[in-house]
Each structure stands twice: as structure tokens, then as C-alpha cells.
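Q: Mind having a look at this structure? Questions to follow.
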Amino acid sequence: MNKLHIGHLEDIDEKGSRTFKVQDTEIAVFKLSDGSLHAVENRCPHKGGKLSEGMVCGTAVHCPLHDWKIDLRSGKVHEPDDGCLNTYPTEVDGNSGEIYITIAG
Amino acid sequence: MSTTKKLVLVGNGMAGIRTIEHILKLAPHAYEITVFGAEPHPNYNRIMLSSVLAGGTSIEDIVINDWSWYEDNGIQVYPGDPIVRMDTKRKEVVSRNGVRATYDELIMATGSQAFILPLPGADKEGVIGFRDIKDCETMMAASQTYRKAAVIGGGLLGLEAARGLLNLGMDVTVIHINGHLMDRNLDLPAGLMLQRELEEQGMKFLLNKHTEEITGKHRVKAIRFTDQTVLETDLVVMAVGIRPQVELARQAGLDVSRGVIVDDYMNTSIPGISAVGECAEHRGIAYGLVAPLYEQGMVLAKRLAGAATEGYEGSVTSTKLKVSGVDVFSAGQFKDSADTRSIRIQDDVDGIYKKMVLKDGKLVGAVLFGDTTDGASLFSLIKSGENISGRERAILLGVPSDSGSGSGPSIAERMASMPDDEIVCGCNGVTKASIGDAVLNKGCNTLGAIKSCTKASASCGGCKPIVESLLVHYAGDAVGEQVKEGICGCTSYDRDEIVAQIKEMGLKTVKEVMNVLGWNEPEGCSKCRPSLNYYLGMIWPAEYEDERVSKFTNERYHANIQKDGTYSVIPRIYGGVTSPAELMKIAAVAEKYDVPMVKFTGGQRLDLLGVQKENLPKIWEELDMPSGFGYGKALRTVKTCVGNTFCRFGTQDSIEMGIRLEKKLDKMVAPAKVKLAVSGCPRNCAEATIKDLGVVAIDGAWELHVGGNGGVKVRAAELLCTVKTDAEVEEWTYAYLQYYRENARWNERTAAWIERVGLDHVKKALEDRDVRLALVERLELTLGRTVDPWKEIIENDKLRKNFTPLADAQPTTH
Numbered sequence: 005m006n007k008l009h010i011g012h013l014e015d016i017d018e019k020g021s022r023t024f025k026v027q028d029t030e031i032a033v034f035k036l037s038d039g040s041l042h043a044v045e046n047r048c049p050h051k052g053g054k055l056s057e058g059m060v061c062g063t064a065v066h067c068p069l070h071d072w073k074i075d076l077r078s079g080k081v082h083e084p085d086d087g088c089l090n091t092y093p094t095e096v097d098g099n100s101g102e103i104y105i106t107i108a109g
Numbered sequence: 149m150s151t152t153k154k155l156v157l158v159g160n161g162m163a164g165i166r167t168i169e170h171i172l173k174l175a176p177h178a179y180e181i182t183v184f185g186a187e188p189h190p191n192y193n194r195i196m197l198s199s200v201l202a203g204g205t206s207i208e209d210i211v212i213n214d215w216s217w218y219e220d221n222g223i224q225v226y227p228g229d230p231i232v233r234m235d236t237k238r239k240e241v242v243s244r245n246g247v248r249a250t251y252d253e254l255i256m257a258t259g260s261q262a263f264i265l266p267l268p269g270a271d272k273e274g275v276i277g278f279r280d281i282k283d284c285e286t287m288m289a290a291s292q293t294y295r296k297a298a299v300i301g302g303g304l305l306g307l308e309a310a311r312g313l314l315n316l317g318m319d320v321t322v323i324h325i326n327g328h329l330m331d332r333n334l335d336l337p338a339g340l341m342l343q344r345e346l347e348e349q350g351m352k353f354l355l356n357k358h359t360e361e362i363t364g365k366h367r368v369k370a371i372r373f374t375d376q377t378v379l380e381t382d383l384v385v386m387a388v389g390i391r392p393q394v395e396l397a398r399q400a401g402l403d404v405s406r407g408v409i410v411d412d413y414m415n416t417s418i419p420g421i422s423a424v425g426e427c428a429e430h431r432g433i434a435y436g437l438v439a440p441l442y443e444q445g446m447v448l449a450k451r452l453a454g455a456a457t458e459g460y461e462g463s464v465t466s467t468k469l470k471v472s473g474v475d476v477f478s479a480g481q482f483k484d485s486a487d488t489r490s491i492r493i494q495d496d497v498d499g500i501y502k503k504m505v506l507k508d509g510k511l512v513g514a515v516l517f518g519d520t521t522d523g524a525s526l527f528s529l530i531k532s533g534e535n536i537s538g539r540e541r542a543i544l545l546g547v548p549s550d551s552g553s554g555s556g557p558s559i560a561e562r563m564a565s566m567p568d569d570e571i572v573c574g575c576n577g578v579t580k581a582s583i584g585d586a587v588l589n590k591g592c593n594t595l596g597a598i599k600s601c602t603k604a605s606a607s608c609g610g611c612k613p614i615v616e617s618l619l620v621h622y623a624g625d626a627v628g629e630q631v632k633e634g635i636c637g638c639t640s641y642d643r644d645e646i647v648a649q650i651k652e653m654g655l656k657t658v659k660e661v662m663n664v665l666g667w668n669e670p671e672g673c674s675k676c677r678p679s680l681n682y683y684l685g686m687i688w689p690a691e692y693e694d695e696r697v698s699k700f701t702n703e704r705y706h707a708n709i710q711k712d713g714t715y716s717v718i719p720r721i722y723g724g725v726t727s728p729a730e731l732m733k734i735a736a737v738a739e740k741y742d743v744p745m746v747k748f749t750g751g752q753r754l755d756l757l758g759v760q761k762e763n764l765p766k767i768w769e770e771l772d773m774p775s776g777f778g779y780g781k782a783l784r785t786v787k788t789c790v791g792n793t794f795c796r797f798g799t800q801d802s803i804e805m806g807i808r809l810e811k812k813l814d815k816m817v818a819p820a821k822v823k824l825a826v827s828g829c830p831r832n833c834a835e836a837t838i839k840d841l842g843v844v845a846i847d848g849a850w851e852l853h854v855g856g857n858g859g860v861k862v863r864a865a866e867l868l869c870t871v872k873t874d875a876e877v878e879e880w881t882y883a884y885l886q887y888y889r890e891n892a893r894w895n896e897r898t899a900a901w902i903e904r905v906g907l908d909h910v911k912k913a914l915e916d917r918d919v920r921l922a923l924v925e926r927l928e929l930t931l932g933r934t935v936d937p938w939k940e941i942i943e944n945d946k947l948r949k950n951f952t953p954l955a956d957a958q959p960t961t962h
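So this is what it looks like as C-alpha cells:
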């Protein structure tokens with residue numbers, strides 16, 4: 005288990021996202037309108053679209069390429085499509101606002 | 149030990165899965181089901197492939213049973229893994245990937261394959277059939293690189309393929325062995341009318357032509373005919389017919405003729421093995437249309453579920469073709485013979501042809517061209533075999549014969565006497581009984597509710613009149629109001645209601661609209677959010693704060709996202725007029741940032757393609773040019789010809805006019821993209837009559853054409869007005885565009901909008917000068933508040949940060 009520092013709460017807009025790389029994997033971290041953070045692999049299971057560029061609605065993001073809808077909490081693709089992507093636990097330091105992410109392995 | 153039997157379905161297509169659906173309904177737990185399919189897709193509607201090709205429908209849209217359906221019903225499915233061997237003694241099948249499955253009952257539903265003519269050169273690259281998603285994808289890919297396509301076969305399938313290729317922008321020639329098109333479904337007059345219509349749409353035909361050879365080195369280059377003429381082409385689509393896929397059945401020792409031979413209960417020659425669909429041959433006929441396949445599926449499902457069935461007795465088939473405004477219908481025995489009489493109407497002016505073929509007072513066949521609304525009722529008369537003596541003319545002329553005159557059964561009687569298992573919707577295999585079930589047991593009391601519950605009339609819509617009659621038959625007075633559809637799944641309000649309520653209640657943000665109007669999804673979806681954002685900005689130009697997070701990617705990052713996640717940059721070049729200095733600046737930026745491609749767009753500008761997102765703000769900064777909005781639902785280009793500045797034919801200064809309009813309308817957002825053009829004389833080199841608004845100079849005046857489109861659906865613009873002065877051109881242009889902004893649905897181009905409301909409506913709305921001036925004033929208020937989006941991002945760090953990745957993640961000490 006690796007815990008990595010990725011940035012600060014203010015780096016990410018509400019209903020927005022930012023990206024970063026860990027080795028060869030690009031990860032997008034989203035901030036929902038309730039302020040919660042969710043990190044997922046930045047690759048739509050459909051055609052590899054960058055989810056970081058998509059529109060955030062509630063707890064889901066719409067892929068910008070073909071409008072697949074993905075739940076940011078579970079990484080599961082909404083029906084009628086099907087699929088799943090990796091999610092990563094995030095943590096925010098209550099005092100400093102620094103964001104940490106845990107990568108398995 | 150479980151008592152459930154094992155059922156294996158070989159073939160994951162429409163006929164086989166339809167059978168499984170019925171079995172699940174009739175005997176939910178009778179079988180443990182395993183499905184093998186050659187294609188990597190879930191069961192999809194093959195009939196709709198032509199719609200995918202024609203644009204507007206995606207492959208996802210035509211899936212009938214998605215993966216979760218298999219999962220929910222406990223079906224083990226092996227997509228992309230065809231069965232290669234069958235051992236009928238051990239009752240076992242083996243797939244290409246080595247999966248073995250034993251069975252108690254096996255259903256062969258391997259369908260058919262496109263018949264590829266055994267010509268020399270038929271194996272060259274670029275020679276395909278039109279049968280599955282892969283063929284569709286091949287055609288779409290070919291249209292990106294190549295221009296010329298040839299379709300061999302002028303039947304239903306060939307014409308659908310040709311229409312799709314035409315929509316993909318290819319130059320299409322259809323080659324047909326006979327003297328008129330669709331000769332297996334249409335008689336000569338209808339065939340000629342169809343040809344005339346399709347020729348007007350740009351399709352070319354070579355009739356009475358026999359192909360001899362396909363030539364080319366590696367890829368197809370040309371087709372040579374037996375008369376030694378040659379047609380150059382980059383793609384050949386063979387649509388000469390289909391062949392039942394019977395190799396596997398033959399190897400397994402089943403009796404096979406053209407298809408796998410089955411009896412009236414779909415039994416093959418070996419017990420425990422049934423066949424259904426296009427691979428099966430029943431009483432000498434292998435069907436290729438969906439309705440018979442579904443009828444067979446129903447019989448087989450009943451037998452396997454242990455329900456009573458009278459067996460399958462063959463089908464009377466009908467054909468419906470709809471390609472870009474041409475409606476054709478044919479059914480039964482449509483050709484004249486010694487023992488038939490026919491009655492027909494031919495109207496070449498309106499392009500309408502109707503023919504009924506009668507035998508012993510009964511309707512045995514029909515052909516309809518141009519107006520096919522009576523198709524469903526004629527087809528049902530053919531199937532019922534009732535005597536229509538004395539009513540022939542009334543039926544042909546469409547005069548309702550059930551108005552109480554007592555001649556023949558009324559619609560109500562016909563609905564009542566229709567057998568329960570008669571298939572009403574051929575596309576989706578919905579029977580009369582399932583419509584009855586939806587109405588009586590599932591609370592459906594509108595056409596819309598039946599449609600979403602059973603899928604009846606959800607595809608081609610041809611059976612809508614019968615579904616409506618059945619609704620009345622079952623529901624009587626309980627028939628409800630047609631439920632209208634909202635702008636998306638989050639609401640039942642349509643565009644006009646939403647706009648009216650925003651105005652009435654003074655709603656000012658996207659969130660407020662959703663809260664007040666009771667959205668199902670608290671934060672909406674990717675369809676309603678951008679539309680609400682547009683409507684709010686249009687209604688409250690002076691105060692609404694554009695909501696960035698409710699815009700599609702392209703409009704949030706002010707660049708066009710490409711499939712690999714890179715973006716493109718199109719700076720504004722007013723009227724297509726640039727300068728050496730500007731070109732050098734663009735060239736320098738492109739070199740510095742290693743831009744993979746620099747391309748002229750169709751709208752007289754330059755596109756820098758393949759730009760990394762993080763370089764966008766730097767490139768904009770260094771270009772120091774305004775955004776061309778090449779990504780937005782906004783004013784794109786104003787294309788101009790040279791006009792009287794240089795051209796010897798020019799009657800007016802089109803360049804000056806184009807630049808003037810583009811400078812004024814720069815940064816104008818709209819329901820959809822807006823393209824303008826100005827031509828300096830009626831030769832119209834700027835192609836102004838396929839634009840959202842096109843200005844064409846004539847001697848001493850200007851013509852304004854509106855509602856044109858040169859994209860997916862080509863539509864010629866219609867003349868809005870002719871004006872004398874430059875000032876009038878501006879006044880009408882701005883008033884027209886503002887009227888469009890205020891009245892069209894989000895994502896509706898002017899062509900679709902005018903098609904919907906009618907040009908006369910727009911003309912009437914703009915005829916009063918005071919109204920025009922008020923519209924212009926409102927547009928100016930909006931335009932006065934716009935800022936250049938690129939500049940805004942360059943100067944604002946909070947916006948700019950979103951273009952760069954976060955710094956590399958750092959391991960913590962922990």
C-alpha cells in the first residue's frame with residue numbers, strides 16, 4: 005500500500021477534476037458538489053475516453069467521447085452500458101487541506 | 149442434482165434470443181441456458197444497421213438485449229466465440245476457444261451470411277458484404293479515406309447500404325443485374341419511381357449489368373462488366389443476397405438443403421436439435437425477414453416450454469423500405485398473373501403509386517410507393533384472407549370502410565378476431581397478446597407506455613396504427629392522453645414549457661430550475677444541463693452567469709476534444725481573409741509546439757490538430773488571435789467568395805459583407821452551431837445556399853437564404869427575403885438569428901428548426917420592422933457582454949490551472 009500526496013483541496017473545482025500520473029496510470033480526482041473527493045482511473049472502459057474532461061452530474065461523470073455514465077464512488081458504469089474501472093481511496097487532512105491517495109501494491 | 153435441463157443456443161442473434169425470451173416467459177426455470185455467438189456484441193437489431201450507417205443512430209442504440217439482460221436471466225453467454233464442432237451422439241458442442249457444453253436441447257440459430265459472388269478478385273481488400281456491425285464499421289472507415297463506392301445488388305439491402313454510403317459522403321453507384329430496382333419486391337412502375345427519386349438524391353445506377361471481375365492490386369480499384377465496360381471504385385459492397393449459415397449443421401450430419409431442414413415444430417432431422425431463423429428451411433423456404441423468424445421462434449419456444457402450439461405453417465411476408473424520404477411497401481404476390489386482377493393508382497406528379505392484386509375477391513398482394521400509411525392494414529387484409537369484393541376501390545383510395553356501412557368487418561371486429569399470437573410489431577416481435585398484457589395487467593394506457601413496456605412500434609413505427617387500435621380494443625374508455633416526452637429522462641417538461649416557466653417564475657440558475665421543476669436527478673444529466681444553461685443565458689442575457697460545469701467538454705475548454713484526448717485549435721480568421729504576418733505567426737506556433745497536423749477547415753480557416761491540453765493556453769497566448777469557436781454551439785464561420793473586389797462576375801463586395809457579419813456575430817452562442825456564407829453573385833461560389841444563413845448578391849440587391857445544411861442531412865436553404873441595402877442585410881440577418889436563438893430547441897440546427905416550424909412561420913414572425921429591431925436590440929445586448937474565452941482563460945489562473953496536471957504524486961513518509 006502506497007499513500008501519496010497529490011495536491012490541495014483548492015486545486016480542484018467543485019464538479020471539476022484534475023489529473024496526475026502514477027507510473028503509467030493516469031488518475032483523475034473529482035470533487036463533487038457535496039465537497040467529497042473521488043479518484044478513478046482516467047480511462048473510460050468503453051473507448052478509453054478521458055473522464056477528467058467529462059461533465060459531473062451528482063455522483064457520476066459522463067464520458068466526453070460517447071456519453072457513458074460512470075459512478076465515481078464505485079467506478080461502475082451505469083446501465084444500459086456495462087463495465088467497471090479502478091477507484092482509489094482518498095483522504096483529506098482536515099487542518100491543512102492536503103489530499104492523499106492510496107494505491108494498492 | 150438439479151432437475152433443470154441444459155439448453156444450448158448456437159447463435160446470439162435476433163431469432164435465437166427471441167426464442168429464449170419466450171421460453172423465459174413461458175417456463176422461467178425449465179432450462180439452464182448457454183449461448184454461443186460469433187460476434188463480440190450482445191443481441192442487436194440487425195435491421196437497424198442501415199440506420200447506423202445513415203447516421204443519427206449509434207451501435208449502442210440498436211442493442212436489443214444488453215449484457216445485464218443475460219446476467220439477470222442467469223444465461224451463460226460466450227460472445228465472439230462461435231461453435232466449431234458438434235457431437236450429436238455425446239450431445240456436446242465445442243467452441244473455437246475450446247469451451248465445451250453438453251445439452252439436452254440444442255437450438256441452431258446461426259443465421260445467414262452475405263452471399264459474396266464468386267468472382268475473380270472478390271477476395272480483394274475493400275470488398276465486403278452488408279450484414280453485421282463489422283461491415284458497418286468497415287464502410288464508415290472507408291468513407292474517411294476513399295471517395296467512390298459501388299454496391300452490387302439493387303434490392304432492399306443494397307439500396308439501404310447505398311443510402312448509408314451516400315450519407316457518409318461517398319460517390320455511390322448501384323449495380324443491378326435486372327432492368328429495374330427491387331424487382332423481387334416491386335413491379336416496374338414502382339421500381340422506376342424509386343429509381344427516379346434516388347437519382348435525385350445523388351445515387352447513380354447501372355442496370356442490366358453483369359459483373360465479370362473485380363480488379364486492383366491489393367485493394368479493389370475497379371469493376372469490369374461482361375460488356376467490357378469498367379467502373380472505378382474504392383469499395384465494393386456485395387448485397388446480392390444472403391445464404392443460410394449451415395456448415396456446422398452439415399458437419400454434424402443434420403439434413404440440410406438450402407437451410408437446415410425443419411418440420412412445423414422446428415425439429416431438425418436429429419432429435420434434441422431444433423433450428424430457427426435464417427439458417428432454417430421450412431417447407432422449402434428459408435426466410436430472410438424478421439417477422440417469420442419471430443413466428444418460428446414463438447412456435448419453438450412453446451414446444452420447448454411444453455406449451456400447446458399448432459405449429460408453424462409458413463409466413464406471408466411484407467417489405468417496408470424507408471430511405472431518406474422514400475417510402476416503399478410491398479407484400480404478398482404483387483406481380484400480375486393470368487388468374488389475378490389488379491387495381492392501381494399512378495401519380496407521377498406527387499410521386500405516388502398504389503397497387504392491389506386480387507384473386508377470387510381476396511387481396512393477395514400490394515405495392516405502395518410514396519404513401520405507405522395503408523401498408524399495415526393492407527397486410528393484415530392479405531393475412532386474414534377475407535373477401536373484399538365491392539370494397540376494393542375504397543380500400544385503395546384509403547376511404548375508411550368501417551364507417552358503419554356494414555360492408556366487411558370494422559377495425560374493432562378485426563382487432564377482436566386477430567389471433568393472440570399474431571405478431572403486430574415485426575421489428576421487435578411483439579404479439580397481440582403481449583400488447584393486451586401490457587394494457588390489461590401492466591397499466592399501460594397510452595401508445596408511449598406500450599412502446600416502452602413492450603417495444604411495439606419502437607423501431608420503424610409501421611405498426612403504430614394497429615397498436616393504437618389494439619389499445620382502444622383493450623382499454624376502451626380508459627385510453628389515456630398521449631404522454632409527451634421531456635427534454636431528457638430527468639423531466640417530463642418539454643423545451644417550451646421549461647422556457648415559459650423560467651420566464652414566469654424568474655428562475656435564474658440551473659440548480660434552481662431543477663429544484664423548482666422537480667427534476668428526478670438532482671444534478672441532471674449531460675443532456676439537460678447544457679440545454680438549461682443555454683436557455684437561461686438566452687432568457688437573462690444581462691445577468692446570467694454562464695455555468696462552466698454545465699457545458700460539454702469542448703465548450704468548457706474552448707477547443708475540440710479528439711478521440712485520443714488531445715484538442716484542436718482554430719483561431720478566428722474573419723471572412724477567410726488572412727495576411728502573411730498572421731500566417732507566419734500560426735506557422736511559428738505550430739512548429740514550436742510540434743503540432744502534428746495543420747489543416748485547412750471547410751470554413752476557410754486553419755486548424756491545429758493534436759494539441760496537448762496543457763499546451764492550449766500557451767498556444768492561445770502566442771497566437772494572440774481571437775477564438776474561432778470551432779468547437780462550440782456558436783457562430784462558426786462566415787465563408788465568402790472573392791466578390792467584386794477581384795472577380796469579374798462579382799456584383800457586390802461579398803468579402804466586406806462577410807467580414808462585417810462575422811465581426812458583429814463573433815462569440816454569439818446559439819442552440820447549435822451556426823454557419824454563414826456570403827456570395828458575390830448568383831454563381832454562389834461560397835455555397836451560401838447550404839448554410840444556416842446564406843447571403844447571395846444579385847445585381848443591385850441581396851438575397852437572404854435560411855435553413856440550409858451541408859452536413860449529415862443536406863438541405864437547400866429557402867429564400868427568406870430579398871433586400872436592397874447593406875444595412876437591411878444586417879437587420880434581417882441579426883433579427884433572424886436572434887429569433888432562432890429564442891425559439892429553437894437546444895441542439896437543433898436551423899435546418900431542423902425551419903423544417904419543424906416552417907419557413908412561413910419565420911417569415912411572418914419577422915415581417916414587422918419593429919419586431920425585427922427589437923430582436924436586433926436583444927441580440928446586441930447579449931453580444932455586448934461576451935468576452936473572448938481564450939483571453940479569459942489566459943488571464944485567469946483559477947481557470948488556467950485546470951489545463952495542467954497536478955504535480956507528480958509524492959510518496960508520504962508514512
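From first to last, the protein sequence lines stand for chains A and B.
In terms of our numbering, the first sequence is residues 5 to 109.
In terms of our numbering, the second sequence is residues 149 to 962.
Even for Gly, the Cβ is constructed at its ideal location relative to N, Cα and C.
If you're wondering where the values come from, they're calculated on a predicted model, not measured in any experiment.
1. To which residues does DSSP link B/CYS573 through a beta bridge?
2. Quick check: the Cα distance between B/GLU361 and B/LEU383, rounded to an integer number of angstroms?
3. Throw me the rounded Cβ distance for the A/ILE103 and A/LEU41 pair, which I believe falls under 8 Å.
4. Should A/GLU57 go down as buried or exposed, given a rule of 16 or more other Cβ atoms within 10 Å for buried?
5. Please name the residue or residues paired with A/THR91 in a DSSP beta bridge.
6. For B/CYS829, which residues from the same chain have a beta carbon less than 7 Å from its beta carbon, with the 5 sequence-adjacent residues on both sides left out?
7. Looking at chain E, is there any beta carbon in it that lies within less than 7 Å of the beta carbon of B/GLN958?
8. Of the residues B/GLN399, B/ALA820 and B/ALA262, which one's Cα is nearest the Cα of B/VAL241?
9. Starting from B/VAL515, follow its DSSP beta bridges and name the residues at the other end.
10. Is DSSP giving B/LYS603 helix, strand or coil here?
11. Quick check: is the beta carbon of A/CYS61 nearer than 7 Å to any beta carbon in chain B?
12. Going by other Cβ atoms of all chains shown within 10 Å of its Cβ, with 16 needed for buried, is A/GLU83 buried or exposed?
13. State buried or exposed for B/HIS358, treating a residue as buried only when at least 16 other CB atoms are found within 10 Å of its CB.
14. For the segment 17-35 of chain A, enumerate the residues whose C-beta is nearer than 9 Å to any C-beta of chain B, in chain order.
15. Please check if any C-beta of chain B sits within less than 7 Å of the C-beta of A/GLY11.
16. Which runs of the beta strand (DSSP E) spanning at least 3 residues fall entirely within the segment 919-958 of chain B, listed in chain order?
17. Let me check understanding here. Comparing Cα to Cα, which of B/LYS812, B/TRP880 and B/THR602 lies closest to B/GLU786?
18. Note down, in chain order, all residues in the segment 689-713 of chain B with a beta-carbon under 9 Å from any beta-carbon belonging to chain A.
19. Say yes only if the C-beta of B/GLY259 is nearer than 6 Å to one or more non-hydrogen atoms of the ligand COA, and no if none qualify.
20. Interface residues of chain B around A/LYS54 at Cβ under 7 Å?
21. What residues are listed by DSSP as bridge partners for B/GLN224?
22. Please tell me whether A/HIS82 has its Cβ less than 7 Å away from any Cβ of chain B.
23. Could you check whether B/ALA202 and B/ASN315 sit closer than 7 Å to each other, using their CB atoms as the reference points?
24. Compare the Cα-Cα distances from B/LEU529 to each of B/LEU619, B/ALA729 and B/ILE614 and report the closest residue.
25. Please state the DSSP three-state secondary structure of B/LEU304.
26. Using a Cβ cut-off of 7 Å (strictly closer), state whether A/ASP86 contacts chain B.
27. Can you tell which of B/GLY672, B/ILE276, B/GLY513 and B/ILE409 has the C-alpha that lies nearest to the C-alpha of B/SER485?
28. For B/LEU727, would you say it is in contact with chain A, using Cβ-to-Cβ distances shorter than 7 Å as the test?
29. What did DSSP end up calling B/ASP209 once you bin it into helix, strand or coil?
30. Which residues, in order along the segment 668-682 of chain B, keep a beta-carbon less than 7 Å from a beta-carbon of chain A?
31. Using 10 angstroms around the beta-carbon of B/ASN221, count the other beta-carbons present and answer buried if the total reaches 16, otherwise exposed.
32. Quick check on B/ALA456: does DSSP put it in helix, strand or coil?
33. Would you mind reading off the limits of the beta strand (DSSP E) that contains B/TYR715?
34. By the 10 Å Cβ neighbour count, where 16 or more other Cβ atoms means buried, how is B/ILE803 classified, buried or exposed?
35. Taking B/VAL843 as the reference, give the member of B/THR952, B/LEU867 and B/TRP901 with the closest Cα.
A: Working from what's here:
1. In the second sequence, counting from the first residue as 1, residue 573 of chain B sits at position 425. Answer is B/VAL578.
2. By one-based count along the second sequence, residue 361 of chain B stands at place 213. By one-based count along the second sequence, residue 383 of chain B stands at place 235. Taking the straight line joining both Cα atoms gives about 14 Å.
3. Counted from its first residue, the first sequence places residue 103 of chain A at position 99. Counted from its first residue, the first sequence places residue 41 of chain A at position 37. The C-beta separation of A/ILE103 from A/LEU41 comes to about 6 Å, placing the pair in contact by the 8 Å criterion.
4. Counting from one through the first sequence, the residue named residue 57 of chain A turns up at place 53. Burial call: buried.
5. On the first sequence, residue 91 of chain A is found 87 positions in, with the first residue counted as 1. Under DSSP, A/THR91 takes part in a beta bridge, and its partners are A/VAL44.
6. Residue mapping note: residue 829 of chain B aligns to position 681 of the second sequence, counting from 1. Cβ neighbours of B/CYS829 beyond the five flanking positions: PHE797, GLY798, THR799 and ALA845.
7. Of the protein chains in the structure, A and B, none is chain E.
8. One-based indexing of the second sequence puts residue 241 of chain B at position 93. Distances from the CA of B/VAL241 to each of B/GLN399, B/ALA820 and B/ALA262 were compared; the closest alpha carbon is that of B/GLN399.
9. Residue numbering aside, residue 515 of chain B sits at position 367 when the second sequence is read from its first letter. Answer is B/SER478 and B/LYS503.
10. To locate residue 603 of chain B, count along the second sequence from 1; it is residue 455. The DSSP-derived three-state label of B/LYS603 is coil.
11. Taking the first sequence and counting its residues from 1, one reaches residue 61 of chain A at position 57. Against chain B, the CB of A/CYS61 has a partner CB under 7 Å away; the residue lies at that interface.
12. One-based indexing of the first sequence puts residue 83 of chain A at position 79. Exposure of A/GLU83 is indicated by the presence of fewer than 16 other C-beta atoms within 10 angstroms of its C-beta.
13. Here residue 358 of chain B is taken as the residue at index 210 of the second sequence, counted from 1. With fewer than 16 neighbouring CB atoms inside 10 Å of its own CB, B/HIS358 falls in the exposed class.
14. Within the segment 17-35 of chain A, the residues whose Cβ lies closer than 9 Å to some Cβ of chain B are ASP17, GLU18, LYS19, GLY20, SER21, ARG22, THR23, PHE24, LYS25, VAL26, GLU30, ILE31 and VAL33, listed in chain order.
15. Translated into positions along the first sequence, residue 11 of chain A becomes position 7. Chain B contact via Cβ: present.
16. Counting only unbroken stretches of 3 or more residues, no beta strand (DSSP E) element lies wholly within the segment 919-958 of chain B.
17. In the second sequence, the residue the question calls residue 786 of chain B occupies position 638. The identity of residue 786 of chain B in the sequence shown is Val, whereas the question assumes Glu. With distances taken between Cα atoms, B/VAL786 lies closest to B/LYS812.
18. Against chain A - using a Cβ distance shorter than 9 Å - the residues of the segment 689-713 of chain B are ARG696, VAL697, SER698, LYS699, PHE700, THR701, ASN702, ARG704, TYR705, ILE709, LYS711, ASP712 and GLY713.
19. You won't find the ligand COA in this model; it holds no ligand whatsoever.
20. By one-based count along the first sequence, residue 54 of chain A stands at place 50. Simply GLY713.
21. For the purposes of this step, residue 224 of chain B is taken as residue 76 along the second sequence, with counting starting at 1. Per DSSP, the beta-bridge partners of B/GLN224 are B/THR182.
22. Numbered from its first residue, the first sequence carries residue 82 of chain A at position 78. Not a single CB atom of chain B sits nearer than 7 Å to the CB of A/HIS82.
23. If you number the second sequence from 1, residue 315 of chain B lands on position 167. If you number the second sequence from 1, residue 202 of chain B lands on position 54. Yes, the pair counts as a contact, with Cβ atoms nearer than the cut-off.
24. Here residue 529 of chain B refers to the residue found at position 381 when the second sequence is read from its first residue. The shortest C-alpha separation from B/LEU529 is found at B/ILE614.
25. As a first step, residue 304 of chain B must be located in the second sequence, where it is residue number 156. Residue state, collapsed to three classes: helix.
26. As a first step, residue 86 of chain A is located in the first sequence; it is residue number 82 there, counting from the start. Chain B, which has a Cβ nearer than 7 Å to the Cβ of A/ASP86, makes this yes.
27. Start at 1 with the first residue of the second sequence, and residue 485 of chain B comes out as number 337. When only C-alpha atoms are compared, the closest one is B/GLY513.
28. Taking the second sequence and counting its residues from 1, the one referred to as residue 727 of chain B is at position 579. Looking at the sequence shown, residue 727 of chain B is not Leu but Ser. With a threshold of 7 Å between beta carbons, B/SER727 makes no contact with chain A.
29. Along the second sequence, one-based indexing puts residue 209 of chain B at 61. In the structure shown, B/ASP209 sits in a helix (DSSP, three-state: H, G or I).
30. Listed by position along the chain: GLU669, PRO670, GLU671, GLY672, CYS673, SER674 and ARG677.
31. The residue given as residue 221 of chain B occupies position 73 in the second sequence. Flag for B/ASN221 reads exposed.
32. Residue 456 of chain B sits at position 308 when you count from the first residue of the second sequence. B/ALA456 carries a coil assignment under DSSP once its states are collapsed to helix, strand and coil.
33. Counting from one through the second sequence, the residue named residue 715 of chain B turns up at place 567. 715-717 is the span of the beta strand (DSSP E), which, as asked, contains B/TYR715.
34. The residue given as residue 803 of chain B occupies position 655 in the second sequence. Around the C-beta of B/ILE803, 16 or more other C-beta atoms lie within 10 Å, and the residue is accordingly described as buried.
35. As a position in the second sequence, residue 843 of chain B is number 695, starting the count at 1. For B/VAL843, the nearest C-alpha among the options comes from B/LEU867.
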